[in-house]
Amino acid sequence: EEAEEAEEAEAAPEEASMDMTPGVFFIAPEEGSTVSSPVTLEFGHEHFTIEPITDPLTVHEGAGHHHIGLDTDCLPAGEIIPQASPWVHFGDGSNTIEMQLEPGPHRICLQIGDGEHRTLEGMSAEVTFTVE
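If you want our numbering, it's the 1-based position in the sequence shown plus 38.
Written out as structure tokens, the structure reads:
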């Protein structure tokens, strides 16, 4: 029993040093999946605050909102995300959308932008899938 307690005590410091790096990811669709249209896109985040944009545009440290780019590359950190196709802005702070997509392969870039729509270092993810 003492050996089990010792093991638990050793494991605790590892848990305390868990990675707290901010990140974004796709909840749906799954990487490499085949889906039907309309496609539900859902995204998640960790160690970061998702908030609606404000007027006037205001940047808050550690906060921003989602953007997706359809069949395009993610942008380098520090760039302003265009407010035109193929980009969709989620300035209301939402994290889900249903999209009508043509059959075939697709690649979606998920990118976080700050209150001025400027991309943030390490805050992007991609998913590829096929619409049947």
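Think of the CB as a built atom: it goes at the ideal place given N, C-alpha and C, for glycine as much as any other residue.
Query                                                                                                                               : Result
Select from Thr72, Leu148, Pro67 and Val62 the residue whose C-alpha is nearest the C-alpha of glycine 100.                         : Val62
Are there three or more Cβ pairs, one per stretch, closer than 8 Å when the segment 131-142 is compared with the segment 97-116?    : yes
Out of Gln149, Ile65 and Pro90, which has the shortest C-alpha to C-alpha gap to phenylalanine 167?                                 : Ile65
What residue range does the beta strand (DSSP E) around valine 77 cover?                                                            : 77-84
Mind checking whether aspartate 57 and glycine 102 have CB atoms under 8 Å apart?                                                   : no
Quick test of the definition: if touching needs 3 or more C-beta pairs under 8 Å, does the segment 83-96 touch the segment 116-135? : yes
Between the beta-carbon of arginine 156 and the beta-carbon of isoleucine 118, is there less than 8 Å?                              : yes
Quickly, what does DSSP pair glutamate 164 with across the bridge? List them, please.                                               : Cys147
Rounded to whole angstroms, what's the CA-CA distance from alanine 50 to glycine 82? Just pull it up for me.                        : For alanine 50, the predicted structure reports a pLDDT of 44, less than 50, and the residue's modelled location is therefore unreliable. A value from the coordinates is still provided. Between alanine 50 and glycine 82, the C-alpha separation is close to 27 Å.
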